[in-house]
Amino acid sequence: MDLKQFENFREWIPVRCYWQEDRAFVDWCFLGKERLTEPFFDDSIAKRFRQPFNLLFRHQTPIEFLDAPDYFSNGLKPTGFIFHLSRCGSTLISQMLAALEQNVVISEASPIDFVLRTPQIPDQQRVKWLQNMINALGQKRNSFEENFFIKFDSWNTSELSLIKRAFPEVPWIFLYRNPVEIIVSHIRQRGAHMVPGLIGKIVPGLSFKKSLQIPPEEYCARVLGEICKNALQSLKSGEGLAVNYTELPDALNTKILKHFNVSLNQKDREKMLGAAKFNAKSPQMNFVGDTEKKKREAGAAAVEAAEKFVNPYYKELEKIRKHPPQGI
Amino acid sequence: MMSKENLKQFCQLVLRDLNLQDQLKVTIEREAFIAQVIVLGAKSGFEISREDVDLQLRENRSLWHERWI
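Just so you know, the protein sequences line up as chains X and G, in that order.
Its first residue numbered 1, the first sequence is counted upward by one per residue in the numbering used here.
Its first residue numbered 329, the second sequence is counted upward by one per residue in the numbering used here.
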């Protein structure tokens, strides 16, 4: 491919993938030297699309275009991966990390999810696409950028083995929370993975029809159980780091960054803790703990569903967190 | 019709021309941006109408939201 053509993609970022007939394509958006500081990747991109330039001019390429390692060589190597059970403080962590200019944080980016949820191509191909996509997303836009963190969508734990295959050296954490509190949060406002059928089939053996028939609390609990089960498979063998919501925000400085092999000075640590004072998903508001409120709000259905479908895994996670198996 | 085709061709040209991109990126305000597209389009040999740029921006916004969902 003509190198001059690649030059036009400096400071552009892949923002979305889609199928056109039998071929995967990537949409690109001009980002320039701007940092991605919004709670989610898609929020950052939506903000850029308010600018008329980005609305009118958009590169569209086949996904194979990313397979140019010599050209896309300015990519930061991933520093750490964040997996999570949803509604458990993962956005808090990503926002704390994004508070520092040296950190590039990609949070639940749809192009990554696209690659991970494309089962119609062989795993070897998906591994390559994932490596290329993360490399393109991590292109260094400012000289002070050093670390590169990726927070996956919670349902992406189902592809943990493929992600590890693509990036075997990258340390990762799994963040979780008391499942009753998570179920209460999703009953208030469902995440995409808690709507049957929206994110494909998450719970093996549970048909779409059955998913619609069971109480929403049970469906949420089954999804959470599946995510925990997938994470536990690797955690049990001593990979990854289990982190409970109750350990936040201090755990970022005390154990997570150590696990990611990142050392920070006191000023930066304080800056990150300062970001924790705000509501991670609505940074214009102060953070207010809601554990007790959620516990009070939990109905019998949520408690029973959590007990039956998630708590056995939750107890295993807690055991591993307190007594990490050899290998960590 | 001719203006719409001209706009399409100008958009392709801009994606290949970093100088044109640099001139257009800096204009954030919508009406000023449309005016800039018309001026730079004319300099590049493409006659483009204000209505066509405005319509294209609206269409792209709708398309963006549809794909987003």
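Glycine included, every Cβ here is placed at the ideal spot set by N, Cα and C.
Handout entry: Proximity below 7 Å, CB of Tyr18 (chain X) to CB of Phe9 (chain X)
Key = Not closer than 7 Å, so no.
Handout entry: Trp129 (chain X) - containing alpha helix (DSSP H), residue span
Key = Asp123 to Leu137
Problem - Selected residue, minimal CA-CA separation from Leu248 (chain X), among X:Thr61, X:Ile112 and X:Ser94 - result: X:Ser94
Exercise for the section: Hey, could you find the ends of the alpha helix (DSSP H) Asn103 (chain X) is sitting in? Expected result: Segment Asn103 to Ser107 is the beta strand (DSSP E) holding Asn103 (chain X); no alpha helix (DSSP H) there.
Exercise for the section: Show which residues of chain X have a CB atom less than 9 Å away from the CB atom of Gln384 (chain G). Expected result: Leu55 and Leu56
Exercise for the section: Note down, in chain order, each residue of its chain lying with its Cβ closer than 6 Å to the Cβ of Pro218 (chain X), except the 5 sequence neighbours on either side. Expected result: One detail in the question is off: residue 218 (chain X) reads as Glu in this sequence, not Pro. If we look at Glu218 (chain X) and ignore the five residues flanking it on each side, its Cβ neighbours are Ala305.
Practice task
Please work out which residues of its chain come closer than 6 Å, Cβ to Cβ, to Lys294 (chain X), disregarding the five sequence neighbours upstream and downstream, and give them in chain order.
Solution key: If you ignore the 5 residues before and after Lys294 (chain X), its C-beta comes within less than 6 Å of the C-beta of Glu181 and Val184, all in its own chain and listed in chain order.
Handout entry: Euclidean distance between Cα positions of Phe361 (chain G) and Gly369 (chain G)
Key = Distance between the alpha carbons of Phe361 (chain G) and Gly369 (chain G) is about 12 Å.
Exercise for the section: Since I believe Ile45 (chain X) is in contact with Leu137 (chain X) (beta carbons under 8 Å), could you give me their beta-carbon distance rounded to a whole number of angstroms? Expected result: By a beta-carbon distance limit of 8 Å, Leu137 (chain X) does not contact Ile45 (chain X). Their separation comes to about 11 Å.
Exercise for the section: Under the assumption that Cys220 (chain X) contacts Leu85 (chain X) (Cβ atoms under 8 Å), give the Cβ distance between them as a whole number of angstroms. Expected result: Contact doesn't hold; Cβ gap of about 11 Å is too wide.
Handout entry: From G:Phe338, G:Ser331 and G:Met330, residue whose alpha carbon lies closest to that of Leu56 (chain X)
Key = Residue G:Phe338 is the option with its Cα nearest to Leu56 (chain X).
Exercise for the section: Please list, in chain order, all residues of the same chain as Leu352 (chain G) whose beta carbon is under 8 Å from its beta carbon, the five residues on each side excluded. Expected result: Val342, Phe361, Gln364, Val365 and Leu368
Handout entry: Beta-carbon spacing of Asp123 (chain X), Asp153 (chain X) below 7 Å
Key = no
Handout entry: Of the listed residues G:Ser390, G:Gly373 and G:Trp392, nearest to Lys336 (chain G) (C-alpha basis)
Key = Out of G:Ser390, G:Gly373 and G:Trp392, G:Gly373 has the C-alpha closest to the C-alpha of Lys336 (chain G).
Practice task
For Ser73 (chain X), count neighbouring Cβ atoms within 10 angstroms of its own Cβ and tell me buried if that reaches 16, exposed if not.
Solution key: In summary, Ser73 (chain X) is exposed, with fewer than 16 beta-carbon neighbours lying within 10 Å of its beta-carbon over all protein chains present.
Handout entry: Per-residue DSSP class, three states only, for Phe144 (chain X)
Key = coil
Exercise for the section: Could I get the ranges of all uninterrupted alpha helix (DSSP H) runs contained in the region 181-259 of chain X, with 4 residues as the minimum, in chain order? Expected result: 208-213 and 216-235
Handout entry: Simplified DSSP assignment, three categories, for Lys295 (chain X)
Key = Secondary structure of Lys295 (chain X) (DSSP, three-state): helix.
Handout entry: Partners in chain G for Gln51 (chain X), counting only beta-carbon separations shorter than 7 Å
Key = Ile356
Practice task
Please classify Gln51 (chain X): does DSSP put it in a helix, a strand, or coil?
Solution key: coil
Problem - 7 Å Cβ cutoff, His59 (chain X) in contact with chain G - result: yes
Practice task
Check Thr37 (chain X) in the structure and name its three-state DSSP category.
Solution key: coil
Practice task
Going by DSSP, name the residue or residues bridged to Ile150 (chain X).
Solution key: X:Phe81 and X:Ile106
Handout entry: Alpha carbon of Arg344 (chain G) to alpha carbon of His59 (chain X), nearest angstrom
Key = 10 Å
Exercise for the section: Could you tell me the distance, in whole angstroms, from the CA atom of Val203 (chain X) to the CA atom of Phe260 (chain X)? Expected result: 30 Å
Handout entry: Ala24 (chain X) - DSSP class collapsed to helix/strand/coil
Key = strand
Exercise for the section: Taking the CB atoms as reference points, tell me whether Pro52 (chain X) and Arg23 (chain X) lie closer together than 7 Å. Expected result: It is not a contact, given that the beta carbons lie outside the stated cut-off.
Problem - Positions along the region 333-345 of chain G whose CB lies within less than 9 Å of some CB in chain B - result: The structure shown contains no chain B; its protein chains are X and G.
Handout entry: Spatial distance of Asn135 (chain X) from Gly75 (chain X) (CA atoms)
Key = One Cα belongs to Asn135 (chain X), the other to Gly75 (chain X), and the distance between them is close to 5 Å.
Exercise for the section: Could you name the residues of the same chain whose beta carbon sits closer than 6 Å to that of Leu241 (chain X), not counting the 5 residues immediately before and after it, in chain order? Expected result: The residues are Ile173 and His259.
Exercise for the section: Compare the beta carbon distance of Glu108 (chain X) and Lys151 (chain X) with 7 Å and say whether it is the shorter of the two. Expected result: yes
Practice task
Please compile the residues from chain G whose C-beta is within a distance smaller than 8 Å of the C-beta of Phe30 (chain X).
Solution key: Ordered by position in chain G, the residues that pass the 8 Å Cβ test against Phe30 (chain X) are Gln349 and Lys353.
Exercise for the section: Go to Phe65 (chain X), then tell me how far its beta strand (DSSP E) extends in each direction, as first and last residue. Expected result: Neither: Phe65 (chain X) is in no beta strand (DSSP E) and is coded neither H nor E.
Handout entry: Arg50 (chain X) vs Ser110 (chain X) beta-carbon contact at 7 Å
Key = no
Practice task
State buried or exposed for Ser211 (chain X), treating a residue as buried only when at least 16 other CB atoms are found within 10 Å of its CB.
Solution key: buried
Practice task
Indicate whether at least one CB of chain X lies closer than 7 Å to the CB of Phe374 (chain G).
Solution key: Using a Cβ-Cβ cut-off of 7 Å, Phe374 (chain G) does not count as an interface residue toward chain X, since no Cβ of chain X sits closer than that to its own.
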